[in-house]
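Q: So the mapping is simple: this note's numbering equals the position in the sequence shown, first residue as 1, plus 1.
We put the CB at the ideal spot given by N, CA and C, even for glycine.
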Amino acid sequence: MWKRLFRILKSLLFNVLIYGIFLFVLHQYTDWFWIEATEYDVFLTFILLAILFWIVNNIVKAVLKFLSLPLTYLTFWSSVLVLNVILMYVFEYLVNGSGLWITVKIWNFVQVVLMSLVASFIAFLIKKIKL
2 MWKRLFRILK SLLFNVLIYG IFLFVLHQYT DWFWIEATEY DVFLTFILLA ILFWIVNNIV
62 KAVLKFLSLP LTYLTFWSSV LVLNVILMYV FEYLVNGSGL WITVKIWNFV QVVLMSLVAS
122 FIAFLIKKIK L
């Protein structure tokens with residue numbers, strides 16, 4: 002029991018760390034993702050963003066994928082891309098409406114599509130890494 006709990010906790014921390022690095026790189030080196038934080042602790046800001054991103058990418062996405070499963074098969078999996086784009090906007094809404102000192106702005110639709118593809122690729126790589 003404790004081994005399983007430790008493995009889940011280790012996996013969660015690894016996911017949050019990877020998503021935090023992903024969001025930090027997007028913020029620093031691209032203009033796809035703009036963050037304004039009134040607090041100056043960059044580490045805490047990106048850890049909170051990574052936790053929210055993990056919640057959206059793993060929990061909300063799982064529920065929405067289950068609910069849209071018939072549509073996914075009818076559209077030959079192209080609706081998954083639309084679902085990923087919607088999740089990026091859900092992430093933006095959650096962060097901006099959470100009452101935190103962080104403001105996130107995702108600029109345009111093409112950048113959201115690219116960001117969702119990169120996020121999906123990172124999620125795929127995280128699932129392939131066995132911890």
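(1) Expressed to the nearest angstrom, what Euclidean distance is found between the alpha-carbon atoms of residue 118 and residue 55?
(2) Buried or exposed: which applies to residue 49, given that a residue is buried once 16 or more other Cβ atoms fall within 10 Å of its Cβ?
(3) Closest to residue 57 by CA distance: which of 76, 22, 94, 71 is it?
(4) To the nearest angstrom, how far is the alpha carbon of residue 158 from that of residue 44?
(5) CA-CA distance, residue 90 and residue 96?
(6) Quick check on the DSSP output: the alpha helix (DSSP H) that includes residue 96 runs from which residue to which?
(7) Which residues in the same chain as residue 85 place their Cβ atom closer than 6 Å to its Cβ, once the five residues preceding and following it in sequence are excluded?
(8) Please report how far the alpha carbon of residue 115 lies from the alpha carbon of residue 79, in whole angstroms.
A: In short:
(1) The residue you call residue 118 lines up with position 117 of the sequence shown. The residue you call residue 55 lines up with position 54 of the sequence shown. Those two C-alpha atoms are separated by around 15 Å.
(2) Working through the sequence shown from its first residue, we reach residue 49 at position 48. Buried, because 16 or more other Cβ atoms sit within 10 Å of the Cβ of residue 49.
(3) If you number the sequence shown from 1, residue 57 lands on position 56. It is 94 whose Cα lies nearest to the Cα of residue 57.
(4) No answer is possible for residue 158: it lies beyond the span of the chain, which begins at 2 and ends at 132.
(5) As a working note, residue 90 is residue 89 in the sequence shown. As a working note, residue 96 is residue 95 in the sequence shown. Cα to Cα, the separation comes out at about 10 Å.
(6) Counting from one through the sequence shown, the residue named residue 96 turns up at place 95. That run of the alpha helix (DSSP H) goes 80 to 98.
(7) Locating residue 85 in the sequence shown gives position 84, where the first residue counts as 1. Excluding positions up to five away in sequence, the list reads 117, 121.
(8) Against the sequence shown, residue 115 aligns to sequence position 114. Against the sequence shown, residue 79 aligns to sequence position 78. Between residue 115 and residue 79, the alpha-carbon positions lie close to 15 Å from each other.
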